[in-house]
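Here is the structure we will look at.
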Amino acid sequence: MTTSVAAAPNETARAEPHRRLQGKTVLWLGAALVLISLVTASAQGAYAIAPLDILKTLWAALFGGLDGSPEQLVFMNIRLPRLLLGVAAGAGLGLSGALMQGIFRNPLADPGLIGVSSGAALAAAATIVLGSSYFPELPRTIGSWPLVLMAFAGGMAVTLLIYMLSQSEGGTRISLMLLAGIAINALAGAGLGYLNFLATDEQLRNIQFWLLGSLGGGRWSAVLLVFSIVFVAITAGLFCARPLNAIALGEAQAALLGVDVERIKRRIVLVTAMAVGAITATTGIIGFVGLLAPHCIRLVAGPDHRIVLPGSAMLGAALVLLADAVARTIVQPAELPLGVLTAFVGVPFFLLLLRQFKGRV
Amino acid sequence: MMKNTPHAPQPSSINRRQLLAAAGAASASLWLPAHAQTSAKLPRLVTLGGAITEVVYMLGAEGQLVGTDTTSLFPPAALQTPKVGYMRALSAEGLLSLKPDAVIGTTEAGPVVVLDQLRTAGVRVDLIEADHTWAEIQRKVQVVGRAAARVPQAQALQAKLDADWAAVQKEVADAVKSRGRKPKVLFILAHGASPQVAGGKTAADAMINFAGGINVMTVSNGFNGYRPMTAEAMAAAAPDFVLTSTQGVEAQGGLEKFWARPELALTPAFKKRALVQLDALELIGFGPRLPQTVRALCQQMVLA
């Protein structure tokens, strides 16, 4: 991926084995892909609901007239919030991955690098293991909210720590942030290992399932919260597209071009931490989306962040929707963990693209 | 739609019928008679936990059983029911697709959100607290009886089990008196590569005490829950007997390999190869077969 990272965005003179798709085409294709995934996923599920009934339910939900039949209850309370959570989570993870790879100018960067996932995991595991012995009544009174809030706070705290460690006289140093991120992630991993040791068998299973991710916790309240945070993050993130194109030339070059590099870094760390923190706190860890989606878009459309950022968000949403549709149906009435499937669905797709466009890597 | 999953023959046929009905029908009009029909029948049940499933079969309510979890392994017929997965990682839509009237589990079932979604959809959710006492089994029988609308049968079963239990308790008390000393027992959970031993507040601990033994891991420096087995701690604890599950011995590759584990070499139990193995669900499942299991356990723990 060195070409797309180091090279200027508008490199038309270079000989290409395949022609790149136009930016607009990619975005239209992306939007269509999300729509198709949404329709496909909404028709899939353990509970048999005829497509016609889904349309009727949606119509009734919009214009009144929900009659409370079992199909409508299942669709409106379980499947629909889950689909929307999938869209928000996938879009947030895809966008954050693109932002991270852009600001780190490193193709291996993913949202986990600034510690938000490992922080959330550590806090979630601590809540699962220690919460029941110190606050045994808490889960009964406010349900699963303590876990969500603790995971979010944990992600924020660890990100802040890494951000502070990467400060030097000249401002935030990205190379410091990368190394501090790796170190703190390792530390969080050790903490997680210690909690695994303390945990009982049931707690251990709970931690494992949390780490594998699931959209099963999609209630309307959680969906609305994640959706609004991801919406703000995407809006703020898209404003970083042009500055990121300049930063691709090098931070000094970008500064010469009039980009306030420091402000962009701060904004990207904040946006990623908020979005990924909120997503991870609600769904657990959904791997690979943040890493794969930006690469796929760059392979077909080139490194222009005005395309890569929204494209990654769309591809991320479609990937999570489809993976979750498989997770929900393949072993019904049980359910596979989502984190397993994002890799199973995403990696072959990525490898296919890699073979197809190997000249560009 | 992946309707033909291998272990879900029953719901797939139901789903297909309902799918066809829903697709073919103009709308809900065809639905109403089908609904009225089911509500007149006995409640449809999903059980989460091997012991609870056993109670359903003992009450003769297996015809009402539309789904069980992965721990429901007995009676063998329970293996043929649709499996809703591991009880801590349930799927709301998956469960609802079985159209249950009641879901019966232990307080370990989850996630909480899924249970809430089930309640929202009008499914009765009964969670039984596991405190490893005889009362736990009584609760299981009563709760299943109520949920299955088989209260008289549940009362009869309860009376029979209580009588069994009283008899077994007396046998154990007599055995302890005649033996003079309670054997020190080490329970090993050996299902994986790194075996764990049971401390206090575990089902295994309760079973050892029921059968007139002492859980060696609660004697000095006792701990609660399970801990990895280490050679020095086992030598220091000096158990007279090792108690484990048949499945655990199999997972270790047979009795020979089980005893070859270095952690056990310095224990009194090792010298006599004093091992009691019982089926895992019987031993730590806290189901209605508990009196027989305690009797068998007591009879096998004879100090030489």
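Chains L and S, in that order, give the protein sequences.
According to numbering that gives the first Met the number 0, the stretch in the first sequence is residues 0 to 360, in order.
According to numbering that gives the first Met the number 0, the stretch in the second sequence is residues 0 to 303, in order.
We put the CB at the ideal spot given by N, CA and C, even for glycine.
Predicted model, so just to flag it, every value in this text is computed and none were measured.
Q) How big is the Cα-Cα spacing for D52(L) and F74(L)? A) Looking up residue 52(L) in the first sequence gives position 53. Looking up residue 74(L) in the first sequence gives position 75. Answer to the nearest angstrom: the Cα atoms are 10 Å apart.
Q) Buried or exposed: where does W209(L) fall if 16 or more other Cβ atoms within 10 Å of its Cβ makes it buried? A) Along the first sequence, read from residue 1 onward, the residue named residue 209(L) stands at position 210. When all chains shown are included, W209(L) counts as buried.
Q: Would you kindly report the start and end of the unbroken beta strand (DSSP E) that includes T243(S)?
A: Walking along the second sequence from the start, residue 243(S) turns up at place 244. In this chain, the beta strand (DSSP E) harbouring T243(S) covers F240 to S244.
Q | Cutoff 6 Å; reference H34(S); Cβ partners in own chain excluding five residues on either side | A | Position 35 of the second sequence holds residue 34(S). Caution is warranted here: a pLDDT of 41 is assigned to H34(S), below 50, making its placement in the model unreliable, and the coordinate value is therefore given only provisionally. When the five nearest sequence neighbours on each side are left out, no beta carbon in the same chain lies closer than 6 Å to the beta carbon of H34(S).
(Q) Bridge partners for A333(L) per DSSP, in chain order? (A) By one-based count along the first sequence, residue 333(L) stands at place 334. The partner list for A333(L) (beta bridge, DSSP) is empty, contrary to what the question assumes.
Q: Just the chain S side, please: which residues come within less than 7 Å of D200(L) by C-beta, in chain order?
A: As a working mapping, residue 200(L) is identified with position 201 in the first sequence. Close partners of D200(L) in chain S (Cβ separation under 7 Å): Y225.
**Q.** chain L within 9 Å of G221(S), Cβ atoms only
**A.** Along the second sequence, one-based indexing puts residue 221(S) at 222. Cβ-Cβ to chain L under 9 Å: no for G221(S).
Q.
Counting C-beta neighbours from all protein chains within 10 Å, is the total for P74(S) 16 or more, i.e. buried, or is it exposed?
A. Residue 74(S) sits at position 75 when you count from the first residue of the second sequence. Answer is exposed; the Cβ neighbour count stays below 16.
**Q.** Nearest-angstrom Cα separation, counted from R178(S) out to A172(S)
**A.** Along the second sequence, one-based indexing puts residue 172(S) at 173. Along the second sequence, one-based indexing puts residue 178(S) at 179. Using only the alpha carbons, I get a separation of about 10 Å.
Q. At least one CB of chain L closer than 9 Å to the CB of T229(S): is that the case?
A. By 1-based counting over the second sequence, the position of residue 229(S) is 230. Chain L, which has no Cβ nearer than 9 Å to the Cβ of T229(S), makes this no.
Q: Output the boundary residues of the alpha helix (DSSP H) element that contains F226(L).
A: The sequence position of residue 226(L) within the first sequence is 227, counting from 1. Counting along the chain, the alpha helix (DSSP H) containing F226(L) begins and ends at W219 to L237.
Q.
I need the straight-line Cα distance from Q276(S) to D239(S), nearest angstrom please.
A. Within the second sequence, numbered from 1, the residue matching residue 276(S) stands at position 277. Within the second sequence, numbered from 1, the residue matching residue 239(S) stands at position 240. Pairing Q276(S) with D239(S), the inter-Cα distance amounts to about 14 Å.
Q.
Any C-beta of chain L within less than 9 Å: which residues of the stretch 82-114 of chain S qualify?
A. Answer set for the stretch 82-114 of chain S: K82, V83, G84, Y85, R87, A88, L89, S90, A91, E92, G93, L94, L95, S96, L97, K98, E107, G109, P110, V111, V112 and V113.
**Q.** Cβ neighbours of M233(S) in the same chain (closer than 8 Å, five flanking residues each side left out)
**A.** Translated into the one-based positions of the second sequence, residue 233(S) becomes position 234. Taken in chain order, the residues that qualify are L185, V196, E262, L263, L265 and T266.
Q: Compare the beta carbon distance of F230(L) and A87(L) with 9 Å and say whether it is the shorter of the two.
A: Working through the first sequence from its first residue, we reach residue 230(L) at position 231. Working through the first sequence from its first residue, we reach residue 87(L) at position 88. Yes.
Q | Short CB-CB distance (under 9 Å) between N205(L) and chain S | A | By 1-based counting over the first sequence, the position of residue 205(L) is 206. Yes, its Cβ sits closer than 9 Å to a Cβ of chain S.
**Q.** Within chain S, partners of A60(L) - CB distance below 7 Å
**A.** Residue mapping note: residue 60(L) aligns to position 61 of the first sequence, counting from 1. In chain order: nothing, as chain S lies at least about 16 Å away.
**Q.** For L159(L), the nearest candidate out of A123(L), A221(L), A119(L) and A125(L) (CA to CA)
**A.** Here the question's residue 159(L) lines up with position 160 in the first sequence. The option with the nearest alpha carbon to L159(L) is A119(L).
**Q.** Spatially closest choice to K200(S) from R272(S), H131(S), A50(S) and T67(S), by CA coordinates
**A.** To locate residue 200(S), count along the second sequence from 1; it is residue 201. The shortest Cα separation from K200(S) among R272(S), H131(S), A50(S) and T67(S) belongs to H131(S).
Q: Rounded to whole angstroms, what's the CA-CA distance from G236(L) to S219(S)? Just pull it up for me.
A: For the purposes of this step, residue 236(L) is taken as residue 237 along the first sequence, with counting starting at 1. For the purposes of this step, residue 219(S) is taken as residue 220 along the second sequence, with counting starting at 1. Their Cα atoms are separated by approximately 59 Å.
Q: Just tell me which of L65(L), P302(L) and R81(L) has its CA closest to the CA of P106(L).
A: By 1-based counting over the first sequence, the position of residue 106(L) is 107. Closest by alpha carbon: P302(L).
Q | CA nearest to the CA of F343(L), picked from G170(L), T328(L), A322(L) and Q355(L) | A | Mapped onto the first sequence, residue 343(L) falls at position 344. Comparing Cα positions, the closest option is A322(L).
Q: Compare the C-beta of Q116(S) with all C-beta atoms of chain L and state if any pair is closer than 9 Å.
A: For the purposes of this step, residue 116(S) is taken as the residue at position 117 of the second sequence. So, interface residue.
Q) Does the Cβ of R288(S) have 16 or more other Cβ atoms within 10 Å, making it buried, or fewer, making it exposed? A) Within the second sequence, residue 288(S) is the residue found at index 289, counting from 1. Buried: at least 16 other Cβ atoms inside 10 Å.
Q) So, L280(S) versus G49(S), is the Cβ gap smaller than 9 Å? A) Within the second sequence, residue 280(S) is the residue found at index 281, counting from 1. Within the second sequence, residue 49(S) is the residue found at index 50, counting from 1. Yes.
Q.
Can you tell me whether Q154(S) is buried or exposed? The criterion is at least 16 other CB atoms within 10 Å of its CB, across all chains shown.
A. The sequence position of residue 154(S) within the second sequence is 155, counting from 1. So Q154(S) ends up on the exposed side.
Q.
Tell me which residues of the stretch 58-69 of chain S have at least one Cβ-Cβ distance to chain L shorter than 7 Å, keeping chain order.
A. Those residues of the stretch 58-69 of chain S that come within reach of chain L (Cβ to Cβ, closer than 7 Å) are G66.
Q. Quick one: is D200(L) buried, meaning 16 or more other Cβ sit within 10 Å of its Cβ, or exposed?
A. Start at 1 with the first residue of the first sequence, and residue 200(L) comes out as number 201. By the 10 Å Cβ count, D200(L) comes out exposed.
Q) Taking V157(L) as the reference, which of P242(L), A123(L), G170(L) and A31(L) has the closest Cα? A) Here the question's residue 157(L) lines up with position 158 in the first sequence. Residue A123(L) holds the alpha-carbon nearest to the alpha-carbon of V157(L) among P242(L), A123(L), G170(L) and A31(L).
Q | Local Cβ density within 10 Å of K271(S), reported as buried at 16 or more and exposed below that | A | Start at 1 with the first residue of the second sequence, and residue 271(S) comes out as number 272. K271(S) counts as exposed, since fewer than 16 other beta carbons sit within 10 angstroms of its beta carbon.
Q | Interface flag, F343(L) vs chain S, CB-CB below 9 Å | A | By 1-based counting over the first sequence, the position of residue 343(L) is 344. By this cut-off, F343(L) is not an interface position.
Q | Cβ separation of L44(S) and A101(S), assumed to be a contact under 8 Å, to the nearest whole Å | A | Counting from one through the second sequence, the residue named residue 44(S) turns up at place 45. Counting from one through the second sequence, the residue named residue 101(S) turns up at place 102. Contact between L44(S) and A101(S) holds, since their C-beta atoms are separated by about 6 Å, short of 8 Å.
Q: Could you tell me whether the stretch 272-281 of chain L touches the stretch 142-152 of chain L, using the rule of 3 or more Cβ pairs below 8 Å?
A: Using a Cβ-Cβ distance cut-off of 8 Å, the stretch 272-281 of chain L and the stretch 142-152 of chain L are in contact, since at least three pairs of beta carbons, one from each stretch, lie closer than that value.
**Q.** Secondary structure of G66(S), DSSP reduced to three states
**A.** Translated into the one-based positions of the second sequence, residue 66(S) becomes position 67. It is a strand residue.
Q. Got a sec: which bits of the stretch 118-130 of chain S sit with their beta carbon under 9 Å from any beta carbon on chain A, in order along the chain?
A. Considering every chain present, this structure includes no chain A. Its protein chains are L and S.
Q. Where does Q43(L) fall in DSSP's three states?
A. Counting from 1 along the first sequence, the entry for residue 43(L) is found at position 44. In the displayed model, Q43(L) falls within coil according to three-state DSSP, outside both helix and strand.
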